[in-house]
Amino acid sequence: MEPCPRKHQIQPMNWEVLFEEDPEWTYMLNRQEYLLNFVIGYLVEGDMRYIQKLKFFIFDWIEQVQEFSPQSLTTRTLDTGIRCFTWLKILLFLLELDLLEEKELQIIYRSLETQIHFMRRCYRDKYTLSNWGILQTIPMIAIYHFFSEQLDIEEEYLFAIEELQQQVQIQILEDGTQFEQSILYHVEVYKALLELCILLPELKHKYATLLGKMATYIQMMTGLDGKTIAFGDSDCTDTWDILNLSALVLEDEQLLSLKNSYLDPYSLLLVGRKGADRLATLKAQKQGTRTAFFKDSGQVCIQTPRSHFFFKNGPMGSAHTHSDQNSFCLQDQGKLIFVDSGRYTYRETGERSVLKSAWSHTGCILDETPPEIVSGSWDYENYPQSLFCDYQRVSDAHYVEGSYLASNPFTYLHTRKIIMLEEGVWLVIDDIRCAGDHKLRTQFILDSQVIYSPSQVNNLKLWSKIPLELEKTFISKKYNELEESSKLVKIQKFSDRIIDATLITDQSFAVKYHTVYHTDGRRLPNALALEIENDCTNKLILVLNDDIYKGENYV
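For the sequence shown, the working numbering begins at 22 and goes up steadily by one.
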C-alpha cells in the first residue's frame, strides 16, 4: 500500500523501528506481506535458506511483540488482519511441504489465536464502512476454515461471517465501486475478497457478480499505460497481474490484460500450475471503445484505442477522498497528459494538504480559494457538495456533465460540461455562478513528462480565448516519491456569472468559432458554436448553456 523507494537495514531486528519519519514504513514492516517472496524463492530455487529466514521473521515477531494495542506501531488492527492473512497463506505451503515442526506449528497457532481475539475485541463500528473492516473479517473467516480444530476462534468466526456480509452490502456501491473514492483501497478490498473465494471455492458463487463489477471498475480505471490513475489516496500501479488472476478465477476473458498474458509469481502461489494452464486457454480480446458510468460514485471512464478519459463528480467517501469535484484526467496516444496528482505521504505536511486540495486537480478555483478546507491529513472542515454527474454517448461522441455547490467563503455553483469526439477532440466548458465580482482560475495539471509549447501539449493543440500560462507544481505517482511538474492556468475576472471554454484537439484539426443567432437574427447569449475540420472529418459543435425562453421578435 505505502511503498518506499529507499533501502534501509534493520540491525538488530526491531519491529518498532521507524524510517522516513513516517509510521507507515513500520506499519508495512509489520504486515509482513513480503514474506511470501521467501516462499516463492524457495519454490523456484529449492534453497532452504529462504525458509529459515522466513521462519526467523515470523518467530522473531512473535517473541518481540508481546503487547497488543490498536495504537501500537506493530499491532494496529488493520496491519494485524493483513499479517494474519499472510501467515495463513504461508502456513498452508509450509504444511503441504512438511517444513514445520510440531512445536513451531503450535507457536504460530497460539499467536494467530491471540491476534484474532485482539482484532475482535478492538473492532469498532466504523470499520463496517472501511477497508480496515474487510481486511480483518476475511482472515478470521479463512483461518477458521482451515484451522477451526486447532484454534479457539469460533465466536470470532461467527461474528466475521455476519459482519463481512454487512461490510460488502454497505461498502461496495451498486455500481461496483468501493465507497472510499480511492482506486488503491478498492483494489485492496477486491483482492482480499477474490483471494477468499480462491481459498474457499464454495463462496465464489455468492460473490461472483460483485467481484465481476469490482474487476470491471479496476479495468476501466487502468490507462493505456497499463496503470491505474492516482485517484484519491492512490498510486499509479500496474493492474495486469490482478486482472489476469480475475479473468482466470471469474472465467471472464474480457478481463484479461493486453499488457501481459501470464500470471505473476504471487498469483501462481494461489492457483498453481493448473491455473496457469487454464489461463493459457483464454484469449485477450482487442478492445474497441469501452465506456462506464459509475453513477453511484460519480465517475466516468471512456477508453478508446487512442485515449483514456476519466471524470469525477461524486459524493465524499472516506478520508482517502481528495477535493476533485469536476476534475478529469486524460491519456492520449499512450502518453499521460492531464493527471491526478496522487498522495505522496500521509504525514501532516504541506505537500499532503496541497495534494488533497483542488489546487492539485484539473478544475476551477474561485478567488484563489479552493472549494474545500483541508484541516489535516485525514480531515476537512468544508467540502464541495456534489449535485449531479451524468454521461451520455451517441456513436463516437461522448457527453459528460457534473455540477457541485461550494461555500468557501462565497456560495457558488460550478457546472462543467465536456464533449468528447473519439477522433481526438475534447471541449471543456466551465459555467460558474457567484453573486458579485470575482476572479476565476481554470487549471490543468500536466504529467511531468509532457512536452509543452505555446498552445500545445505533446500532439494536442489547446484553444482558448484567454491565454494559458505555465506554473510550477508537483505530483506523486507513488507513495514517498515526489516529482516536479507543471500546470496550465488561465485567470479571468467576472461579475455574477462566467462561461469559459477550453478546446483540446489533435494537432491535425483546424477550428472556426461561430456566433449563434435566433431565427430573427438576434445573437443568442451564452451559446457556443465551433467547427472542427481535418482531412478525415468536419463537425459542428453547438452548446446552449441556457434554455431558450424567449421566442422571435415579430415586426
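All C-beta atoms, glycine included, are put in the ideal place defined by N, C-alpha and C.
Bear in mind the structure is a predicted one, so any value in this text is a computation, not a measurement.
Check whether the segment 164 to 180 and the segment 303 to 317 are in contact - that is, three or more C-beta pairs closer than 8 Å. no
Beta carbon of ILE496 nearer than 8 Å to that of SER469: yes
Straight-line gap, GLU125 to SER339 (C-alpha atoms, nearest Å): 41 Å
If you measure between the beta carbons of SER398 and SER381, is that distance less than 8 Å? no
Assess contact between the segment 545 to 552 and the segment 504 to 517, defined as three or more Cβ pairs (one per stretch) separated by less than 8 Å. Is contact present? no
N- and C-terminal bounds of the alpha helix (DSSP H) containing PHE77: 69 to 85
Classify ARG104 as buried or exposed, calling it buried when 16 or more other Cβ atoms lie within 10 Å of its own Cβ. buried
Considering just the uninterrupted stretch of the alpha helix (DSSP H) at LEU214, what are its terminal residues? 204 to 220
Verify whether the separation of the beta carbon atoms of LEU215 and SER255 is less than 8 Å. no
Where ASP43 sits in the DSSP three-state scheme: coil
ASN58, enclosing alpha helix (DSSP H) - first and last residue: 57 to 66
In angstroms with no decimal places, state the Cα-to-Cα distance between LYS467 and PHE252. It should be pointed out that residue 467 corresponds to Leu in this sequence rather than to Lys. For LEU467 and PHE252, the distance between alpha carbons rounds to 15 Å.
Could you check whether ILE159 and VAL208 sit closer than 8 Å to each other, using their CB atoms as the reference points? no
Out of LYS356, LEU545, ARG364, ASP353, which has the shortest C-alpha to C-alpha gap to ASP345? ARG364
Leaving aside the five residues before and after LEU276 along the sequence, list all residues of the same chain whose C-beta is less than 7 Å from its C-beta, in chain order. ALA236, GLN240, LEU264, SER267, ALA268
Using a Cβ-Cβ cutoff of less than 7 Å, which residues in the same chain neighbour GLN306 once the five nearest sequence positions on both sides are dropped? GLU274, GLN275
Just to confirm the assignment: which complete beta strand (DSSP E) runs, minimum length 3, are found wholly within the segment 272 to 348? 311 to 315, 320 to 324, 328 to 333
Hey, would you say GLN413 sits closer than 8 Å to LEU481, going by beta carbons? no
Close beta carbons around ALA301, own chain, < 7 Å, minus the five adjacent residues each side: none
Is the separation between the beta-carbon of GLU41 and that of ASN501 shorter than 8 Å? yes
Between which two residues does the alpha helix (DSSP H) containing LEU550 stretch? Rather than Leu, the amino acid found at residue 550 in this sequence is Ala. Here ALA550 belongs to no alpha helix (DSSP H); instead the beta strand (DSSP E) covers 548 to 554.
Quick check on ASP262: buried or exposed, where buried means 16 or more other Cβ atoms within 10 Å of its Cβ? buried
Taking the alpha-carbon positions, what's the THR249 to SER507 distance? 21 Å
Following the continuous beta strand (DSSP E) through LYS227, name the residue where it begins and the one where it ends. No beta strand (DSSP E) holds LYS227; the alpha helix (DSSP H) holding it covers 225 to 241.
For TRP399, which of helix, strand or coil comes out of DSSP? coil
Are the segment 159 to 173 and the segment 285 to 301 in contact at 8 Å, needing three or more beta carbon pairs? no
Does the Cβ of PRO405 have 16 or more other Cβ atoms within 10 Å, making it buried, or fewer, making it exposed? buried
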